[in-house]
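Just below is one structure, and these are the notes that go with it.
Protein chains: 2
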Amino acid sequence: MKNQLISGKLDHKAAAMSHSTDGQINILNEDVCLPVVVIKEQILDNNIRWMQDYTNACQVSLAPHGKTTMTPAIFKKQLQAGAWGIGVGTAYQAKIAIESGITNIIMANQLIGKANMLFVSKLKQQSNTKIFCCVDNKGNALQLSTHFAAQEQTMNVLLELGIEGGRCGCRSESEAIELAKYIHSLPGLKLSGVEFYEGVIHSQNELTDIDKINGFLTRVINTSNNLIKLNLFPDSEEVILTGAGSVWYDLVCQQMQQANLGQNIRYVIRPGCYVTQDKGVYQQSHNALKNRSELACHIQGDLASAMELCAFVQSMPEPDLAIIGFGKRDAAFDEGLPQPIAHYRHGQAMPFVTGTMKTQNIMDQHAMLHYSKDVDLQVGDILIFGTSHPCITFDKWRQLYFVDGQYNVLEAVETYF
Amino acid sequence: MKNQLISGKLDHKAAAMSHSTDGQINILNEDVCLPVVVIKEQILDNNIRWMQDYTNACQVSLAPHGKTTMTPAIFKKQLQAGAWGIGVGTAYQAKIAIESGITNIIMANQLIGKANMLFVSKLKQQSNTKIFCCVDNKGNALQLSTHFAAQEQTMNVLLELGIEGGRCGCRSESEAIELAKYIHSLPGLKLSGVEFYEGVIHSQNELTDIDKINGFLTRVINTSNNLIKLNLFPDSEEVILTGAGSVWYDLVCQQMQQANLGQNIRYVIRPGCYVTQDKGVYQQSHNALKNRSELACHIQGDLASAMELCAFVQSMPEPDLAIIGFGKRDAAFDEGLPQPIAHYRHGQAMPFVTGTMKTQNIMDQHAMLHYSKDVDLQVGDILIFGTSHPCITFDKWRQLYFVDGQYNVLEAVETYF
Chain A
1 MKNQLISGKL DHKAAAMSHS TDGQINILNE DVCLPVVVIK EQILDNNIRW MQDYTNACQV
61 SLAPHGKTTM TPAIFKKQLQ AGAWGIGVGT AYQAKIAIES GITNIIMANQ LIGKANMLFV
121 SKLKQQSNTK IFCCVDNKGN ALQLSTHFAA QEQTMNVLLE LGIEGGRCGC RSESEAIELA
181 KYIHSLPGLK LSGVEFYEGV IHSQNELTDI DKINGFLTRV INTSNNLIKL NLFPDSEEVI
241 LTGAGSVWYD LVCQQMQQAN LGQNIRYVIR PGCYVTQDKG VYQQSHNALK NRSELACHIQ
301 GDLASAMELC AFVQSMPEPD LAIIGFGKRD AAFDEGLPQP IAHYRHGQAM PFVTGTMKTQ
361 NIMDQHAMLH YSKDVDLQVG DILIFGTSHP CITFDKWRQL YFVDGQYNVL EAVETYF
Chain B
1 MKNQLISGKL DHKAAAMSHS TDGQINILNE DVCLPVVVIK EQILDNNIRW MQDYTNACQV
61 SLAPHGKTTM TPAIFKKQLQ AGAWGIGVGT AYQAKIAIES GITNIIMANQ LIGKANMLFV
121 SKLKQQSNTK IFCCVDNKGN ALQLSTHFAA QEQTMNVLLE LGIEGGRCGC RSESEAIELA
181 KYIHSLPGLK LSGVEFYEGV IHSQNELTDI DKINGFLTRV INTSNNLIKL NLFPDSEEVI
241 LTGAGSVWYD LVCQQMQQAN LGQNIRYVIR PGCYVTQDKG VYQQSHNALK NRSELACHIQ
301 GDLASAMELC AFVQSMPEPD LAIIGFGKRD AAFDEGLPQP IAHYRHGQAM PFVTGTMKTQ
361 NIMDQHAMLH YSKDVDLQVG DILIFGTSHP CITFDKWRQL YFVDGQYNVL EAVETYF
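In order, the protein sequences belong to chains A and B.
Per full-length UniProt numbering: the first sequence = residues 1 to 417.
Per full-length UniProt numbering: the second sequence = residues 1 to 417.
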């Protein structure tokens with residue numbers, strides 16, 4: 001692995017350039033071009049195991065949202081830990097999941113357009129992976145059926161239910177049942193279940209959100225029940241009921257456990273960001289979830305932030321202003337800026353007091369850090385940052401490093417955005 | 001080229017999946033998986049020629065900022081049109097520029113850390129390209145000198161001057177002269193000129209900004225003049241004075257033309273975003289620039305937006321709400337959301353009235369579009385969007401399509417972020 005890193009060392013923006021004789025590549029030793037995003041592998045593995053334990057305890061299946069990481073090395077870990085499948089957002093993402101050995105793929109999105117449909121047809125030809133996509137519109141259902149029937153294929157579709165002011169999905173039961181009947185009548189489609197995404201509900205008021213979500217989930221379960229009673233799903237196969245992002249999966253699991261839709265139902269949740277967690281919005285939502293869910297508090301270990309951004313102090317042009325060598329090109333900035341969590345000089349930890357440094361602004365390749373007088377900072381020091389909204393940070397990198405607790409590089413992994 | 005596209009068709013998220021017998025891949029014909037970002041090649045070529053004409057008229061050299069596009073196919077066009085070099089932000093970006101045949105590279109940034117320095121050493125070993133980096137700190141200057149001297153190399157450095165409350169760069173003349181003398185004394189460095197970036201000045205008040213910028217430029221030129229008088233630059237080589245992003249290059253060119261620093265000076269400006277322009281912040285700043293600069297109004301043709309995002313109407317769940325199949329994964333969203341500029345159905349243009357559709361929100365893979373009752377919209381329709389802040393949109397794609405005015409694909413080009 002280390003030789004691989006060194007041979008490919010000029011091929012990406014976080015190239016490894018180790019001088020060391022033992023071949024060990026270390027971030028703090030400046031063996032890698034910074035900025036770089038690293039994943040602490042032990043924490044990653046813990047998070048993957050934690051969520052699998054949680055879903056096992058709830059007797060639901062897990063299809064982690066793969067669009068978060070688009071990293072086959074992580075998909076494989078999730079599968080190995082017991083995931084039933086992977087959730088994706090597009091046909092291309094489905095391809096990457098298939099190549100990672102995933103056997104059930106929920107494309108939690110509509111499949112639109114000739115090229116996208118043809119892409120999925122090729123994937124179905126080339127593998128035995130079961131691919132599901134969502135439908136919420138008759139016109140789209142007809143186009144899908146026409147396409148897949150012409151290819152002598154059948155596409156597994158999930159009826160999407162949505163909420164007023166939300167994203168995709170039928171807003172009323174009558175609309176949903178009419179569409180389900182229509183899908184049932186089409187030769188190229190098989191109605192395989194119901195899909196929803198409650199994550200669009202997210203205001204400042206948790207109690208209002210919980211009420212709204214529970215109301216939505218009740219409607220989803222009632223509609224699913226009615227579709228079952230109307231015999232709109234095939235008898236011979238299990239029926240999928242799937243929802244849940246990383247914020248409200250406790251509520252979804254609760255309702256799934258109480259749903260009583262029969263033996264033939266597979267309940268699938270699709271959180272994504274838990275896998276690296278973060279030091280921002282997902283840390284907050286996880287804290288809120290632990291306040292709601294006794295089970296989450298009892299699962300051994302706990303979700304923690306596995307993703308860190310490492311960058312140099314690049315310039316110190318004014319007494320309390322340091323320019324840090326990372327920017328919008330390197331990390332998510334839409335849900336809070338990366339904030340320092342540790343400070344190193346020549347490989348050694350420097351004293352670090354939370355609150356004494358703050359990233360206050362970000363440009364394409366620079367961040368502006370303000371710091372208090374007590375901080376002993378120098379150009380060339382390495383700062384480690386926690387991030388917020390992992391999906392967008394993953395998206396910035398073609399290669400990421402798995403590291404141990406001492407920032408030794410364990411593996412270089414590819415992303416496929 | 002078309003065969004290339006088809007053979008590599010499943011290898012990226014905007015795969016071409018053409019069914020057509022003539023091999024012509026067309027976006028409106030749904031031959032490509034949407035969403036996709038396209039570059040209208042004729043407009044791109046016009047923009048490149050326009051800026052070269054502008055700089056020629058001002059008798060300054062052009063080193064377009066390459067970090068905007070990170071697309072060698074575009075670097076080559078800029079070079080062919082007469083660019084003197086390319087600006088970059090990092091060592092890795094310098095590598096991509098060198099591989100594109102660029103012979104002068106201004107890394108408009110400090111070079112920090114062992115791996116980054118070693119990376120640049122390798123680049124210097126492997127090519128004859130002249131690479132300049134910036135310095136604004138003695139500690140960094142010493143580290144650079146120590147590194148490059150040990151490699152038996154000399155690094156060309158530019159002294160960076162900055163402005164209070166801005167980014168990197170020495171804030172005072174005395175600091176700058178002291179640092180220049182120090183650099184002059186170091187064995188591994190050659191002081192090759194002065195660098196600045198006035199683009200950090202950008203408030204709501206143009207007149208105040210102009211005053212500030214002109215004051216800053218006066219200081220830059222005075223300091224440069226004093227460094228020349230102090231004989232701190234080598235006699236035998238030209239001295240670089242470089243600045244200017246895409247917003248204020250008219251002011252910079254004016255001051256460079258009047259600077260009178262002697263025959264030995266090469267003035268270099270580094271705008272980046274002009275190359276594709278946009279329909280947002282850079283359209284606005286270009287309009288403001290044309291109000292200031294008679295020359296800009298007289299250059300033939302005009303900068304126009306070359307970059308467009310093409311996406312499907314994916315869902316129409318409520319009377320005035322359409323969900324569009326693109327998101328934060330596909331386009332910049334930090335300086336205004338992509339907004340519709342055209343509407344197609346089955347390859348045919350539909351009536352389009354500006355202001356009748358508006359993107360109001362964006363998630364990772366979806367955008368929420370509100371539209372007026374008069375608009376005849378269907379799931380599966382293609383909408384074309386203008387974007388704002390091209391750098392961040394380029395960064396979302398590993399491959400882009402150059403298209404003609406009818407959205408026929410002319411070439412697939414790689415990006416190297």
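All residues carry an ideal CB built from backbone N, CA and C; glycine is no exception.
| query | result |
| --- | --- |
| Whether Arg-262/A touches Phe-196/A by CB criterion (8 Å) | Note that residue 262/A is Gly in the sequence shown, not Arg. Not in contact: Gly-262/A and Phe-196/A (Cβ atoms no closer than 8 Å). |
| Chain-ordered chain B contacts of Asp-136/A [CB-CB under 8 Å] | Ser-315, Pro-317 |
| Residues bridged to Ser-315/B (per DSSP) | Ile-323/B |
| Three-state class that DSSP yields for Phe-385/B in the structure shown | strand |
| Classification of Leu-230/B by the beta-carbon crowding that lies within 10 angstroms, buried from 16 upward | exposed |
| Identity of the residue in Pro-351/B, Asp-45/B, Gly-66/B, His-12/B nearest Val-403/B by Cα | Asp-45/B |
| Cβ of Cys-168/B within 8 Å of any chain A Cβ | yes |
| Residue 459/A: contacting residues in chain B (beta-carbon distance under 9 Å) | Lying before the first or after the last residue shown, residue 459/A is absent from chain A, which here runs from 1 to 417. |
| Buried versus exposed, by CB contacts within 10 Å (16 or more), Gly-199/B | buried |
| Distance between beta carbons of Ser-388/B and Lys-279/B, contact taken as under 8 Å | 6 Å |
| Rounded Cβ spacing between Glu-201/A and Ile-163/A (contact assumed at less than 8 Å) | The displayed chain sequence assigns Ile, not Glu, to residue 201/A. That belief holds up - the Cβ atoms of Ile-201/A and Ile-163/A are roughly 7 Å apart, short of 8 Å. |
| Distance CB(Gly-85/B)-CB(Ile-106/B) smaller than 8 Å | yes |
| Phe-417/A: first and last residue of the uninterrupted beta strand (DSSP E) it sits in | Unbroken run through Phe-417/A: none, as it is neither H nor E. |
| Spatial distance of Ile-382/B from Gly-87/A (CA atoms) | 25 Å |
| Min CB distance Phe-312/B to chain A below 8 Å | yes |
| Residues, ordered as in the chain, of the region 105-127 of chain A that lie near chain B by beta-carbon distance below 8 Å | Asn-109, Gln-110, Ile-112, Gly-113, Lys-114, Ala-115, Asn-116, Leu-118, Phe-119, Lys-122 |
| Sub-8 Å separation of Ala-306/B and Ile-43/B beta-carbons | yes |
| Whole-angstrom distance between Glu-411/A and Lys-9/A, CA atom to CA atom | In this predicted model, Lys-9/A has a pLDDT of only 49, less than 50, meaning its place in the structure is not dependable enough to derive any value. |
| For Gln-204/B, the three-state DSSP class (helix, strand or coil) | coil |
| Residues that DSSP places opposite Asp-191/B in a beta bridge | Note that residue 191/B is Leu in the sequence shown, not Asp. Beta-bridge pairing links Leu-191/B to Val-157/B. |
| Proximity to Leu-251/B [Cα-Cα], best of Gln-277/B, His-286/B, Ser-236/B, Leu-227/B | His-286/B |
| C-alpha distance - Leu-79/B paired with Ser-185/A, whole-angstrom precision | 59 Å |
| Run of the beta strand (DSSP E) containing Asn-128/B, from where it starts to where it stops | No beta strand (DSSP E) holds Asn-128/B; DSSP gives it neither H nor E. |
| Interface partners of Tyr-267/A on chain B, CB under 7 Å | Those within 7 Å of Tyr-267/A in chain B number zero; the least Cβ separation is about 24 Å. |
| Pairwise C-alpha distance: Ala-115/B and Ser-293/A | 46 Å |
| Status (buried if at least 16 other CB within 10 Å, exposed otherwise) for Gly-347/A | exposed |
| Three-state secondary structure (DSSP) of Pro-72/B | helix |
| Val-135/A, buried or exposed, once every other Cβ within 10 Å from all chains shown has been counted against 16 | buried |
| Within chain A, partners of Glu-308/B - CB distance below 8 Å | Those within 8 Å of Glu-308/B in chain A number zero; the least Cβ separation is about 17 Å. |
| Interface partners of Val-379/B on chain A, CB under 8 Å | Gln-110, Ile-112, Asn-137, Gly-139, Asn-140 |
| With 16 other Cβ atoms within 10 Å as the buried cut-off, status of Gln-339/A | buried |
| Counted within 10 angstroms of its Cβ, other Cβ atoms place Cys-168/A as buried (16 or more) or exposed | buried |
| Residue of Thr-393/A, Gly-380/A, Tyr-416/A minimising C-alpha distance to residue 437/A | As shown, chain A starts at 1 and ends at 417. That puts residue 437/A outside it, with no answer to give. |
| Distance CB(Ile-27/B)-CB(Val-37/B) smaller than 8 Å | no |
| C-beta neighbour in chain B for Ala-15/A, strict 8 Å | yes |
| Residues of the region 169-198 of chain A with Cβ closer than 8 Å to any Cβ of chain B, in chain order | Gly-169, Cys-170, Arg-171 |
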